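Student:
Numbering (this note's numbering), first residue to last: -3 to 147.
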């Protein structure tokens, strides 16, 4: 999770919502990702998806059997679905996302019995640190939004 937090800080430093993710297989990092929605102008450039894509390239397979994905924030529907489709073994996340989280808060897509694969989930790892990084980012953003802007 510490490596995922490094990725989240890198996202923050580039003006992105600070979410980071890493994919681990056999005790080594095989994929890293940080939010890049603004940078790439891509609504799918979530940290988790980028980490899964990097892991698939590194392992030479879209089937990420035996992979654990660490994310600083509870995955959304898109990312939770990608975890299932990639067949990862375990999802570990830090902060809960009560507004869009689909891995425990609003629903639990990775463990839905109607799907063809279920992912083990570990919640709340370094949750305070992950959550504070997000809260500080949005506090700073709200402070900036006090000044009128065009558009």
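Here a beta-carbon is modelled for each residue, glycine too, at the ideal position from N, C-alpha and C.
Being a predicted model, the structure only gives us computed values, none of them experimental.
1) Assign residue 119 to one of three DSSP states: helix, strand, or coil.
2) Taking 8 Å as the threshold, find out whether the region 65 to 76 comes into contact with the region 8 to 17 through three or more Cβ pairs.
3) Measure the alpha-carbon distance for residue 146 versus residue 60 and round it to whole angstroms.
4) Pick out whichever of 125, 106 and 21 has its Cα sitting closest to the Cα of residue 81.
5) Grab the span of the beta strand (DSSP E) containing residue 25 for me, first residue to last.
6) Which first and last residues belong to the beta strand (DSSP E) in which residue 21 is found?
7) Using a Cβ distance threshold of 8 Å, determine whether the region 36 to 49 contacts the region 90 to 101, with at least three qualifying pairs required.
8) May I have a chain-ordered list of the alpha helix (DSSP H) segments no shorter than 4 residues that lie completely inside the region 49 to 98?
9) Determine, using beta carbons only, whether residue 30 and residue 51 come nearer to each other than 8 Å.
10) Short of 6 Å in beta carbon distance, which residues of its chain neighbour residue 92, apart from the five on each side in sequence? Order them along the chain.
11) Less than 8 Å between the beta carbons of residue 118 and residue 79, yes or no?
12) Taking only three categories from DSSP, how would you classify residue 13?
13) What is the C-beta distance between residue 64 and residue 86, in whole angstroms, given that I count them as a contact (C-beta under 8 Å)?
14) In or out: residue 122 buried (at least 16 other Cβ within 10 Å) or exposed?
Tutor: Based on what the coordinates show:
1) Collapsing the DSSP output to three states places residue 119 in coil.
2) Flag = yes, the region 65 to 76 and the region 8 to 17 touch.
3) Confidence at residue 146 is low in this model, with a pLDDT of 35, below 50, so the placement of that residue is unreliable and no value is reported for it.
4) The shortest C-alpha to C-alpha distance from residue 81 to any of 125, 106 and 21 is the one to 106.
5) Under the DSSP assignment, residue 25 falls in the beta strand (DSSP E) whose first and last residues are 24 to 30.
6) Secondary structure note for residue 21: its beta strand (DSSP E) is the uninterrupted segment 16 to 21.
7) No, the region 36 to 49 is not in contact with the region 90 to 101.
8) Runs of the alpha helix (DSSP H) inside the region 49 to 98: 73 to 81.
9) In this structure, residue 51 does not lie closer than 8 Å to residue 30 by Cβ.
10) If we look at residue 92 and ignore the five residues flanking it on each side, its Cβ neighbours are 70 and 101.
11) In this structure, residue 118 keeps its C-beta atom at 8 Å or more from the C-beta atom of residue 79.
12) Here DSSP, grouped into helix, strand and coil, assigns residue 13 to coil.
13) Right, their Cβ atoms sit about 4 Å apart.
14) Buried, because 16 or more other Cβ atoms sit within 10 Å of the Cβ of residue 122.
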